[in-house]
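Peer 1: In this note's numbering, the protein residues as written are 692 to 955. Before I ask anything, let me first share the structure, which is written out below as structure tokens.
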């Protein structure tokens, strides 16, 4: 299958301009045969919200009836692909930092960020959907968002549940995620696709360097730190189903969960 990875720069709280910026990047991935395109965290709105009221104005339901996810669905229909995108979710009495799996049929999956970063707990409710597994073509995958990179437990959960790859929409401002995800790829023998953004909002500077990793933690591509970018990758999901770390050494069968469960 073919995975498209997009590094973008949203126009802060300006959906119309943001969509105009995203459309040629989505079109480029689709023209290169992408089955699934991965966008950054909060790709339609930008990251910074001065208060909850400004967040409420751009948040939308997970059913795809809002303007941003509706626009994504239209692009999926036009381009014949699916998209994972971060967005601000208006749930029932709660706001979530979420990512949706969208196809031409609408939203077919949703993940709510489990580990909130910095000021995010003042605005968002922590995710409550666990780590769901989604299927596209013959591949299974999970979605984790940005700061989830710092918590190896959820990466292992996804791999044990059968994920062949992780879609990792991000708005990274710290320098360590691209290194940490190499460990997650290698220790779980999975592909990892980190879609970061560029640009600045207030005092926050987003670091770009979106990254695609194979199950050996080899870098398939590394984006620049300061410009928009997109690329499409052909992967074989079967490569992530071989958990061997040498002759006769299976990473998963060698686990000792009876020990870990006492502490985690």
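Positions of the beta carbon are idealized from the N, C-alpha and C atoms, including for glycine.
Find the nearest neighbour of residue 714 within the set 811, 744 and 921, judged by alpha-carbon distance.
Peer 2: Considering only alpha carbons, the answer is 921.
Peer 1: Using 8 Å as the cut-off, can you tell me whether the segment 765-781 makes contact with the segment 723-734, which would need three or more C-beta pairs spanning the two stretches below that distance?
Peer 2: Verdict: yes, contact present.
Peer 1: Going by the beta-carbon positions, is the gap between residue 809 and residue 830 smaller than 8 Å?
Peer 2: Against a cut-off of 8 Å, the Cβ pair of residue 830 and residue 809 comes out as no contact.
Peer 1: Is the Cβ-Cβ distance between residue 738 and residue 877 less than 8 Å?
Peer 2: Cβ atoms of residue 738 and residue 877: not closer than 8 Å.
Peer 1: Please state whether DSSP places residue 763 in a helix, a strand or coil.
Peer 2: Here residue 763 sits in helix by DSSP.
Peer 1: Looking at the unbroken beta strand (DSSP E) that takes in residue 790, where does it start and where does it end?
Peer 2: Segment 786-794, the beta strand (DSSP E) holding residue 790.
Peer 1: Whole beta strand (DSSP E) runs in the segment 861-906 with 3 or more residues, listed along the chain?
Peer 2: Here the runs fully enclosed are 882-886, 889-892, 895-898 and 902-904.
Peer 1: Do three or more CB pairs link the segment 791-804 to the segment 745-761 at distances below 8 Å?
Peer 2: Yes, since at least three Cβ pairs between the segment 791-804 and the segment 745-761 fall closer than 8 Å, the two stretches touch.
Peer 1: Report the three-state DSSP secondary structure of residue 953 (helix, strand or coil).
Peer 2: Three-state result, residue 953: coil.
Peer 1: With which residues is residue 941 paired in a DSSP beta bridge?
Peer 2: Answer by DSSP bridge pairing, in chain order: 935.
Peer 1: Residue 831 bridges to which residues according to DSSP?
Peer 2: Residue 831 is bridged to 826.
Peer 1: With respect to the alpha helix (DSSP H) encompassing residue 850, which residues constitute its N-terminal and C-terminal limits?
Peer 2: Looking at the DSSP string, the run of the alpha helix (DSSP H) that includes residue 850 is 843-851.
Peer 1: To which residues does DSSP link residue 924 through a beta bridge?
Peer 2: Answer by DSSP bridge pairing, in chain order: 694.
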